[in-house]
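Note sheet for the following structure.
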Amino acid sequence: MGQRFHLDAPRWFRAAETPEVLPELSRAVWSDLKVTASYARGNEVVRRELEPHGLVLKAGVWYVIARHGQRFPSYRVDRFRSVEVSGEGFARAEDFDLAAFWEEKSEEFARSLLRETIDIRVSPSGLRKLSAATDRLGAREAEAAAGEPDAEGWVTTRLPVESLDIAYDQLLALGPELEVLAPPELRHRFARAARHLTELYDS
């Protein structure tokens, strides 16, 4: 069961959609049957013969991991236009581990989104909360790159982020537990926010 169906649900309270072709794909995955599928890719629809090894539900979206040739691409199920299950079975790849495969691909995708880097100084409390406020992979890299704590226990490190705008929105949640050191434009945005909060609460 665990090698055919995997749940990756970091976001709660979001209902999963059920694409029309999901029952047929589930039957093919469960019984190790080949399928012929039409799949929307950009502005075109391609038709492929696939060997579906597993289904993953990620934050309300279904994906199928299917062998095509020697590769194991993943496809969003809601982009399939049709699925025809054949009566022909296939031999599953013996070394295929669905959970491990999905974790590796998810991490590769998450890392590809982190295109900017910012310098921060963060308190022990802020460092503990960093993974909840920002991207988990970026927070892990920032913690690994942190220098020695200063006299107040704060550390200086570099944090990979998706963009400066997203970093601003995320790191505001840490309030006085984090100081942005660079780049200057992001530091200035936090300084303006701090002044505005001071004015708001002093009044």
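If you read the sequence shown in the numbering used here, its first letter stands for residue -8, the second for the next number, and so on.
Backbone N, C-alpha and C fix where the C-beta goes; we use that ideal spot for every residue, glycine too.
What you are looking at is a predicted structure, and each value in this text was computed from that prediction instead of being measured.
Enclosing beta strand (DSSP E) for residue i [first to last residue]
| i | result |
| --- | --- |
| Val(-1) | Reading off the sequence, residue -1 comes out as Asp, not Val. First-last of the beta strand (DSSP E) with Asp(-1): -4 to -1. |
| Arg181 | The question names Arg, but residue 181 is Phe in the sequence shown. Where Phe181 is concerned, there is no enclosing beta strand (DSSP E), although the alpha helix (DSSP H) it sits in stretches over 175 to 193. |
| Gly144 | Neither: Gly144 is in no beta strand (DSSP E) and is coded neither H nor E. |
| Gly166 | Looking at the DSSP string, Gly166 is not in any beta strand (DSSP E), and its letter there is neither H nor E. |
| Gly45 | 35 to 49 |
Local conformation of residue i per DSSP, three classes
| i | result |
| --- | --- |
| Trp3 | Reliability fails at Trp3, whose pLDDT of 49 lies under 50, so the model's placement of it is uncertain and the value that follows must be treated cautiously. Coil. |
| Ser103 | helix |
| Ser29 | strand |
| Ala57 | strand |
| Asp156 | helix |
| Phe71 | strand |
| Glu98 | helix |
| Val20 | helix |
| Pro10 | coil |
| Arg119 | helix |
| Glu197 | Residue 197 lies beyond the stretch modelled for the chain, which goes from -8 to 194, so this question has no answer here. |
CB contact flag (residue i, residue j, <8 Å)
| i | j | result |
| --- | --- | --- |
| His44 | Ala28 | no |
| Asp110 | Ala173 | yes |
| Glu(-4) | Leu46 | This sequence places Phe at residue -4; Glu is not what is there. A contact, by the Cβ cut-off of 8 Å. |
| Val74 | Val26 | yes |
| Thr148 | Ala158 | no |
| Leu177 | Leu155 | yes |
| Gln(-6) | Leu118 | no |
| Arg72 | Ala31 | yes |
| Glu168 | Val113 | yes |
| Tyr66 | Val55 | yes |
Contact test: residue i Cβ vs the ligand NAP heavy atom, cutoff 7 Å
| i | result |
| --- | --- |
| Ala137 | Because no ligand of any kind appears in the structure shown, any question about the ligand NAP cannot be addressed here. |
Residues near residue i by beta carbon distance below 8 Å, same chain, minus five either side
| i | result |
| --- | --- |
| Leu105 | Asp126, Leu128, Gly129, Pro151, Val152, Glu153 |
| Gly78 | Leu24 |
| Arg18 | Leu24, Val76 |
| Glu98 | Leu128 |
Boundaries of the alpha helix (DSSP H) in which residue i is found, first to last residue
| i | result |
| --- | --- |
| Glu132 | 127 to 136 |
Own chain residues within Cβ distance below 7 Å of residue i, not counting five before or after
| i | result |
| --- | --- |
| Arg83 | Asp23, His44 |
| Trp21 | Arg(-5) |
| Pro140 | Val146 |
Other residues of its chain near residue i: CB distance less than 6 Å, five sequence neighbours each side excluded
| i | result |
| --- | --- |
| Gln161 | Ala124, Thr125 |
| Arg38 | Ser29 |
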